[in-house]
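Trainee:
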Amino acid sequence: MNNIGKNSFDIGYMDTLASGDSALHRLDPRAKLIATFIFIVTVVSFDRYALAVLTPFFIFPIVLISLSGLPAGYLLKKVLIVSPFAILVGIFNPLMDRGILFHIGSLGISGGWVSFFSIILRFILTVTAALILISLTGFNAVCAGLIKLGVPKPFVIQLLFFYRYIFVLSDEAERMVRAGSFRAFHSGAIGFRTFIALLGNLLLRTLDRAERIYHAMCCRGFDGNIRIIRSMKITYQEIIFVFGWGALFIFLRYFNIPLKLGVFVTGFFK
Amino acid sequence: MHMADALISPAVGGVMWAATVGLIGYSAKKIKEEADNHKVPLMGVLGAFIFAAQMINFSIPATGSSGHLGGGMILAILLGPYAAFLVMASVLIVQALFFADGGLLALGCNIFNLGFFPCFVVYPLIYRKILGNYPTQGKIMLASLIAAIISLQLGAFSVVLETVFSGISALPFPTFVILMQPIHLAIGVVEGLVTAAVVTFVWKVRPEILNAAKNSLPIGKLNIKKVLLVLVFVAAVTGGALSWFASSNPDGLEWAMFKTSGKEELESQEGLHASLAGIQEKTAFLPDYGFKKGEPTAEAESKWPAVDSGTSVSGLVGGLLTLIVAVLIGLGLRQRKNAA
C-alpha cells in the first residue's frame, strides 16, 4: 500500500525537479534527448573488458548534475534501487570467465571480475544519464520533443494521456487497497480472490473513466490532436551542447586518456 | 525481465530499436486509419491502469512471494494488437525514464520482448484461435492462461538471445536458457491465472466490453504477414548497415581497440556459444570483434599475464585518477554555481 503512494510521489518529485530553472533546464528537449542517446550508445559500444576507459565518461553526469543543481544523492539512490538485475546477470561473469587477465602484484585478476565491474560502471553511467534527462526536462517536454522528432502523433498523444492518468489511477488503486485492508482481518498481503476482484473493479472504473474523459473532451472540441504551447527553438546553445558533448564522447571513445595518465603517473614510481 | 543498457551491445540495441520503431509507426498508422478518436484516450487511461495495477501485489500461497500483473496480454485482449502494442510501449517508456527499470538503449529490446510477442504473435495465433467465434467462459479462461504463459516464454527466450548476441555477459547460451525459461514458466503461470481471472471477471460483469473488443474489426483483423514483413525488412536493413559499418574498416577498428583498451579479449568458446559467436561476429558492432586467437583458453591464460599486466595496472590507476578529477570538476562547478 505504501508502495503505491511512494511510486506516484516519486514521479511527482521528478516533475518538480524538471520545473527547475537552470540553463540546462531551458535547453531544447531535443538537444538533451540526442546528447543523452549519443552518450549511452558510446558507453555501451566498448568491449566487455573495458574498465578504466569508461571512467572519463562520468564527466557527463557529474557536470550536468553540478550545473543544474539536481540532488545527486537522490539520483544515486534511485540507481541503487534498480541495480539488482544488472548485478544478478553480471555476477555470473566471474564464475564463467576465470582466465587471468592481469596481475596486481601477486594477485591475479580474472577476466570475469573485470567484465563484472565493467557492467556495473556501464549500468551506473547509462542509468544516471536517463534519470538526468527526465529530471532536467520533464515528461511533457520530452513528449513535445518526440513529436518534433517525427514520432507518430497518436502514439505521443496517448503517451501524454497515460502520464496524466498515472496519478489519478494510482490514487484510485491506493484507496481500494486501503479500503480492502480496513475490512480484512489480516493486514498485509492480499489473497488471490480479493486481488482479482480489486483488479477487475479497477479495470471497470478505468473504462468508465476513459468514457467520461472522452465525452468531456468532445464537449471541449477534441479532434484527435493535443496542441502544446511551447516554443521550441534550436539556438547556438543547443548546437554547442550536442556537438560539444558528441565530440567529447567520440574523442574519449578512441583515445584512452586514463591509460595515458596511468602510464605517466606509474612512470614516476619505476 | 527488463533488460538493462549495461548488458547489451549497440548492434543488438540498434536492431531492436529499429524493429520497435517500425512496429510503433505501423501500429500508429493503423490507429490513425481507424479514425476512432475514442480509442486514443482509452489507450492512455488503460496504460495508466496497467501501471496502477502493477503496484497492487497479492500473496502467492505457500511460497511467501508475491505476484502482480504484467499486462501485455490483457491489453491485447481488451484493445486488440495495434493499440495494445502502443500502450505497452508507453508503459515501458515511463518505467525506463522514471524508475530506470530497463535502459534507454535496451528500450527497443524491452518493448519488443514484452509487447511484440503477446500482441502480434500470441494474440492472433493462439488466443483468437482457442476462443473461436463463440467464446464461452471456459474457453476465455483457457485461452488467457495459455496465451500469457506462451508470451512470457517467448519473451524470456528473446531476452536470452539478445543477451548472448550482445556478448557482455559471460553466461553461455545453454546455462542462461536453463535459468530463464523455468523461472518465467512460473511467472507465466501466475500471470496467466491473473489474466484469466480478470478477463473472466469482466466477461461475467460486463460482457459487452469483451464483445466490443472482439468485434472492432479494423483492430481485431490483424495482418500478421505484413507485420512480419515490415519487421524482417527493418531488421535486415539495420543489421546490414551496422555490420557493413563494422566491417568496412575492421583493421582500423581492431587496431584502435587494441591500442585503446590495451588488452585483447580472451574467452572460452565451446559448443553452441562458439557457433553463436560465429554469427555474432557478423552482426555485433564491437564486442568480441576481431581478437580471436583460435587458441584454447588454458594456453591463453599462460600467455597473457606477462604481456599486458603493466598496461592494465596503469589503466586502473589512470581510471581512478580520472574519476577523482571528474568529481573535483563537478564540485568546482557546483561551488561556482552556488557562489554566483
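Residue numbers (our numbering), protein chains in the order written: chain A, 512 to 781; chain B, 3 to 342.
We put the CB at the ideal spot given by N, CA and C, even for glycine.
These numbers come from a predicted model, not from an experiment.
1. In whole angstroms, give me the CA-to-CA distance for F752 (chain A) and I643 (chain A).
2. State the start and end residues of the unbroken alpha helix (DSSP H) segment that holds I570 (chain A).
3. To which residues of the same chain is I152 (chain B) closer than 7 Å at the C-beta, ignoring the five residues directly before and after it?
4. Can you name, in chain order, every residue of its own chain whose Cβ lies under 8 Å from the Cβ of I331 (chain B), other than the five neighbours on each side?
5. Any Cβ of chain A within less than 8 Å of the Cβ of L77 (chain B)?
6. Spatial neighbours of H726 (chain A) within its chain, please: C-beta separation below 8 Å, excluding the five flanking residues on both sides.
7. Taking Cβ positions, are T566 (chain A) and G321 (chain B) nearer each other than 8 Å?
8. For A529 (chain A) and V93 (chain B), I'd like the C-alpha separation in whole angstroms.
9. Please go through the same chain and pick out, in chain order, the residues whose beta-carbon is closer than 6 Å to the beta-carbon of P83 (chain B), but skip the five residues on each side of it.
10. Going by DSSP, what residues sit across from H4 (chain B) in a beta bridge?
11. Taking 8 Å as the CB-CB cut-off, is I189 (chain B) touching chain A?
12. For P663 (chain A), return the contacting residues in chain B, with the cut-off set at a CB-CB distance below 8 Å.
13. Please compile the residues from chain B whose C-beta is within a distance smaller than 7 Å of the C-beta of V753 (chain A).
14. Rounded to whole angstroms, what is the Cα-Cα separation between V23 (chain B) and I768 (chain A)?
15. How is H614 (chain A) classed by DSSP in three states: helix, strand or coil?
16. Name, please, each residue of chain B whose Cβ falls closer than 9 Å to the Cβ of P567 (chain A).
17. Among A:K664, A:T637, A:L671, which one has its Cα closest to the Cα of A652 (chain A)?
18. Shorter than 8 Å from the beta carbon of N513 (chain A) to some beta carbon of chain B?
19. Does DSSP classify I631 (chain A) as helix, strand or coil?
20. Taking 8 Å as the CB-CB limit, is T777 (chain A) close to chain B?
21. Could you say which of A:F634, A:F568, A:F571 lies nearest to L599 (chain A) if we only look at CA atoms?
22. What's the C-alpha gap between L156 (chain B) and F119 (chain B)?
23. Considering only the beta carbon of each residue, do N115 (chain B) and V161 (chain B) sit closer than 8 Å?
24. Given that A758 (chain A) touches chain B, what residues does it touch there, using C-beta distances under 7 Å?
25. Compare the C-alpha of A158 (chain B) against each of B:A145, B:A30, B:F175 and name the closest.
26. With DSSP as the reference, identify every bridge partner of R620 (chain A), one or two as the case may be.
27. Are there 16 or more other CB atoms within 10 angstroms of the CB of D7 (chain B), so buried, or fewer, so exposed?
28. Can you tell me whether T527 (chain A) is buried or exposed? The criterion is at least 16 other CB atoms within 10 Å of its CB, across all chains shown.
29. Identify which residue in B:A341, B:M90, B:G190 has its Cα closest to the Cα of Y674 (chain A).
30. Any contact of the region 193-204 of chain B with the region 136-152 of chain B, i.e. 3+ C-beta pairs under 8 Å?
31. Rounding to the nearest angstrom, what Cα-Cα distance links S617 (chain A) and I611 (chain A) in this structure?
32. For F175 (chain B) and chain A, any beta-carbon pair shorter than 8 Å?
33. Would L107 (chain B) pass as a contact of G15 (chain B) if the rule is Cβ separation under 8 Å?
34. Is the distance from the Cβ of S636 (chain A) to the Cβ of L562 (chain A) below 8 Å?
35. Alpha carbon to alpha carbon, how far is L173 (chain B) from G601 (chain A)? Give it in angstroms, no decimals.
36. With I33 (chain B) and K41 (chain B) assumed to form a contact (beta carbons below 8 Å), what rounded beta-carbon distance in angstroms separates them?
Mentor: On the basis of the coordinates in this document:
1. Cα to Cα, the separation comes out at about 15 Å.
2. 570-579
3. Correct list, in chain order: V124, I128.
4. Around I331 (chain B): no qualifying Cβ.
5. no
6. none
7. yes
8. 20 Å
9. Its chain contains C121, F122, Y125, L224 as the residues whose beta carbon lies nearer than 6 Å to that of P83 (chain B), once the 5 sequence neighbours on both sides are disregarded; these appear in chain order.
10. Answer is none; H4 (chain B) lacks a bridge partner.
11. no
12. The answer, in chain order, is I26, G27, A30, K31, K34.
13. The contacting residues do not exist; V753 (chain A) stays about 16 Å from chain B at best.
14. 36 Å
15. strand
16. Ordered by position in chain B, the residues that pass the 9 Å Cβ test against P567 (chain A) are G321, T324, L325, V327, A328.
17. A:L671
18. Unreliable positioning characterises N513 (chain A) in this predicted model, as indicated by a pLDDT of 48, which lies under 50. The coordinate reading is nonetheless provided below. Judged by the 8 Å Cβ criterion, N513 (chain A) is not in contact with chain B.
19. Looking at I631 (chain A) - three-state DSSP - the assignment turns out to be helix.
20. Chain B, which has a Cβ nearer than 8 Å to the Cβ of T777 (chain A), makes this yes.
21. Ranking A:F634, A:F568, A:F571 by Cα distance to L599 (chain A) puts A:F634 first.
22. 7 Å
23. yes
24. Correct list: empty, because the minimum Cβ distance to chain B is about 17 Å.
25. B:F175
26. Before going further, note that residue 620 (chain A) is Ile rather than Arg in the sequence given. DSSP output for I620 (chain A) lists A:F613 as bridge partner(s).
27. buried
28. exposed
29. B:M90
30. Because the criterion of three Cβ pairs below 8 Å is met, the region 193-204 of chain B and the region 136-152 of chain B touch.
31. 12 Å
32. no
33. Yes, the pair counts as a contact, with Cβ atoms nearer than the cut-off.
34. The sequence shown places Leu at residue 636 (chain A), not Ser. No.
35. 9 Å
36. Indeed they touch by this definition, with Cβ atoms about 6 Å apart.
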